[in-house]
Amino acid sequence: MTLRKRLLAALTAAALAATPVWQAAAPWLPPTAAGLVVAGAATDAWARAGGSRSSGGYSRPSVRTPSFSAPSRPAPRTPSTSGGYARPSAPSSTPFFSGAPSAGDQAVSRQRAADALRQQQATEQRRQEALRPAAPQPSRPAPSASGSSWWGGGGSRTPSSAPAPQAPGWFGQQGWAPPAYAAAAPRSFGIWDGLFLWFMLDNLTRPGTTDWFRSHRTDPGVQQWRQQADAMAQDNAELRRKLAELDQRAPPGAAPDSGWVEVPPGIPPEVATADTGKQRTPSTEGGGMGLFGITFSLLLIGGAGWLAWRATRTHLRDSKERNPDVNRLVTEAAIKRSFRVGMVLTADLSPFILAAGATRVTPPAASAQGRMSVAAVGRPDMGSFVRLHLDDRRGMFQLHLDASGQPDECRYFSLFDEVTPADAGEWEVWLNPQDGLIGWPEFQAKDGKLYQRVWSPGTAKVAPVPITEEITTAEGSEQVRQQAMLYGAPTGLAAPAPATEYILVTAVQRQGQAWVELRAGIDINPATLELS
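Following this line, the structure appears as structure tokens:
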């Protein structure tokens with residue numbers, strides 16, 4: 382019998398012995414009820430002493446205390462453990478990473494900082510609008526095609542308590558009212574009108590809508606809109622539901638012909654684009670142009686194309702200088718050119734030998750020369766990353782690519798534990814917005830070792846990094862949705878052994894299944910990799 386069970390038995394015996402005392406103090410209580418009162422108090426004391434549930438050996442310490450003003454029927458307790466893992470009671474005041482972050486870690490942290498900035502700006506805009514007095518409106522004016530408000534009309538915004546305004550022009554004729562959260566987003570995304578994109582998201586069952594999203598997933602403007610929507614969805618459950626439905630209905634597909642504006646049937650191209658000058662939709666009407674007109678048009682298009690090519694080269698160069706992860710098209714091309722299923726990867730095995738016994742990393746199943754086969758290529762939408770999954774399906778190399786598409790960072794991760802939460806309460810242990818394990822400032826392993834957060838380091842809880850990884854195998858491609866956070870701790874080994882051990886904690890959703898993966902990793906010098 383464990384100490385807790387003995388404590389519970391002792392408290393229960395004391396409760397039964399104290400029944401006569403309760404009856405003397407409250408003669409109106411039946412003997413059975415008096416015993417239950419004391420037994421209930423004993424059970425509650427046992428629960429406060431640590432009687433919460435666990436799963437897989439991971440737990441989160443309970444910090445709840447009873448209140449004398451609590452209702453007579455308390456809400457069910459949320460488990461503080463899952464899979465044997467527990468949230469540390471208090472984050473360390475000394476950050477682990479005192480040096481400069483790696484290129485990949487800095488890119489993830491900066492991307493999350495940009496998302497946080499957009500959320501702050503949206504919140505501030507809503508706050509300013511709430512403080513702004515509404516102009517008196519004796520009658521509701523018709524929408525105007527000019528002005529400076531988000532929807533294109535002038536005047537003050539309608540207070541949030543009033544019914545949502547109907548969209549102007551063609552969208553209003555469809556009986557569609559723009560959602561309130563869309564007002565905080567930019568007016569345009571690349572060549573696409575923001576109103577058009579939000580309308581499409583609210584009308585996924587409209588013919589051609591999902592096909593349009595599927596074929597335009599790689600469009601820079603659509604990707605910019607999706608990043609904005611994902612950032613806003615962190616605080617909006619309804620928007621998260623809509624985006625999840627979009628991902629289910631419209632997985633990635635073939636990209637459209639470059640430069641052509643294609644819209645679903647029944648939607649005028651002029652309402653879909655933010656700049657009508659950028660429209661190049663094929664004409665469906667018979668032409669009456671002569672040879673001169675055709676020649677002049679070709680020369681005009683050719684000149685515009687040359688100018689656009691020069692501008693694009695300048696924009697790409699500037700984008701690379703400001704942020705290597707901005708140019709996703711370069712990254713996609715580099716991945717398709719350099720990484721493929723079935724390729725042979727050769728790595729230096731000395732880091733695994735030097736780190737043996739000091740980390741949770743399991744070396745890859747490689748030949749004596751360090752050769753191994755790539756079974757799947759993963760493309761996570763978290764910046765310029767690519768993942769090479771090995772044949773054993775437990776090890777993977779995660780590469781970060783620079784602006785030219787070359788690896789400037791490499792980490793090897795091996796799976797060392799997996800947890801399958803049994804109920805919603807256990808999932809709260811991992812993903813609760815206030816104190817979930819994934820995103821907590823520190824992660825505590827089962828042996829008590831602490832790892833500090835690498836992505837977005839700090840002492841406050843942050844949301845996990847949402848990742849959609851497109852994994853390509855010999856059988857085809859699929860999308861795996863993840864919520865992840867990276868942690869790290871010093872190995873204590875002398876150079877040239879790996880200085881840091883990483884822990885990648887990921888909640889995975891794949892093909893109707895869900896689980897939590899825990900991977901341990903070390904840095905690998907990307908210059909030692911050979912890809913063939």
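When the letters of the sequence shown are read in order and numbered with the numbering used here, they come out as residues 382 to 913. For every residue, glycine included, the Cβ atom is placed at its ideal position computed from N, Cα and C. None of the values given here were measured: they were computed from a predicted structure.
Contact check, residue i vs residue j, beta carbons under 9 angstroms
i, j, result
"Ser748", "Asp772", "no"
"Tyr868", "Glu823", "yes"
"Thr872", "Ala739", "yes"
"Leu885", "Arg900", "yes"
"Leu585", "Leu620", "no"
"Gly485", "Glu851", "no"
"Ile716", "Leu782", "yes"
"Ala610", "Ala566", "yes"
"Phe594", "Ala653", "no"
"Phe778", "Arg760", "no"
"Gln750", "Gln615", "no"
"Pro745", "Ala756", "no"
"Lys827", "Gly465", "yes"
"His597", "Glu651", "no"
"Ala784", "Ile903", "no"
Alpha-carbon spacing of residue i relative to residue j, whole angstroms
i, j, result
"Ser463", "Trp808", "8 angstroms"
"Pro798", "Val742", "Correcting the residue type first, residue 798 is Asp in the shown sequence and not Pro. One C-alpha to the other measures close to 11 angstroms."
"Gly683", "Leu780", "39 angstroms"
"Arg508", "Gln502", "10 angstroms"
"Leu910", "Thr591", "40 angstroms"
"Thr854", "Leu769", "11 angstroms"
"Leu812", "Lys842", "11 angstroms"
"Pro560", "Trp551", "16 angstroms"
"Phe580", "Leu681", "34 angstroms"
"Pro460", "Val800", "15 angstroms"
"Glu856", "Leu730", "30 angstroms"
"Arg587", "Gln554", "15 angstroms"
"Gly839", "Leu831", "15 angstroms"
"Ala625", "Pro645", "21 angstroms"
"Trp557", "Ala563", "13 angstroms"
"Ile905", "Ala875", "16 angstroms"
"Gly575", "Ser858", "30 angstroms"
"Gln894", "Gly686", "48 angstroms"
"Phe950", "Ser490", "Outside the modelled stretch of the chain, which goes from 382 to 913, sits residue 950, for which no answer is possible."
"Val758", "Arg774", "11 angstroms"
"Ala805", "Ala612", "24 angstroms"
"Ala423", "Gly829", "Summary for Ala423: the model assigns pLDDT 45, below 50, so the residue's position carries little reliability; its value from the coordinates is reported in the next sentence. Distance between the alpha carbons of Ala423 and Gly829: 30 angstroms."
"Ile734", "Leu582", "51 angstroms"
"Glu505", "Ser483", "32 angstroms"
"Gly647", "Arg622", "26 angstroms"
"Ala892", "Asp762", "Checking the sequence, you will find Gln at residue 892 rather than Ala. The alpha-carbon atoms of Gln892 and Asp762 are separated by roughly 19 angstroms."
"Ala467", "Leu796", "19 angstroms"
"Phe794", "Leu726", "15 angstroms"
"Pro788", "Arg718", "13 angstroms"
"Asp496", "Asn617", "14 angstroms"
"Leu688", "Thr599", "23 angstroms"
"Arg630", "Pro877", "49 angstroms"
"Gly776", "Ala844", "26 angstroms"
Whole-number beta carbon distance between residue j and residue i, since they are thought to touch under 8 angstroms
i, j, result
"Gln833", "Ala870", "7 angstroms"
"Arg493", "Ser913", "That pair is no contact at about 35 angstroms."
"Pro732", "Pro879", "5 angstroms"
"Pro469", "Gln825", "5 angstroms"
"Gly865", "Val835", "It is worth fixing the name first, because residue 865 is Ala in this sequence and not Gly. At roughly 11 angstroms, the Cβ-Cβ gap does not stay under 8 angstroms, so Ala865 and Val835 are not in contact."
"Gly488", "Gly764", "For the record, residue 488 in the displayed sequence is Ala; it is not Gly. Ala488 to Gly764, Cβ: 5 angstroms. Contact."
"Pro888", "Val897", "Reading the sequence as shown, one finds Ala at residue 888 and not Pro. Yes, they are in contact, since the Cβ atoms of Ala888 and Val897 sit about 5 angstroms apart, within 8 angstroms."
"Gln860", "Pro601", "With 8 angstroms as the limit, Gln860 and Pro601 do not qualify as a contact, their Cβ atoms being about 20 angstroms apart."
heavy atom of the ligand MN below 8 angstroms from residue i C-beta
i, result
"Ala503", "For the structure depicted, the ligand MN is absent and the ligand set is empty, with no information on it obtainable."
query = For the region 789 to 862, which segments carrying the alpha helix (DSSP H) assignment without a break, of at least 4 residues, lie completely within its bounds, in sequence order?
reply = Here the runs fully enclosed are 805 to 812.
inquiry  = Check whether the region 717 to 731 and the region 799 to 819 are in contact - that is, three or more C-beta pairs closer than 8 angstroms.
reply    = Below 8 angstroms, too few C-beta pairs join the region 717 to 731 and the region 799 to 819 to call them touching: fewer than three.
Any 3 or more C-beta pairs closer than 8 angstroms across the region 556 to 570 and the region 602 to 609 = Counting C-beta pairs with one atom in each stretch, the region 556 to 570 and the region 602 to 609 have three or more that are closer than 8 angstroms, which means they touch.
ask   = At which residue ranges does the region 576 to 604 contain complete alpha helix (DSSP H) runs of 4 or more residues, listed in the order of the chain?
value = Those alpha helix (DSSP H) runs which fall completely within the region 576 to 604 and span 4+ residues are 590 to 596.
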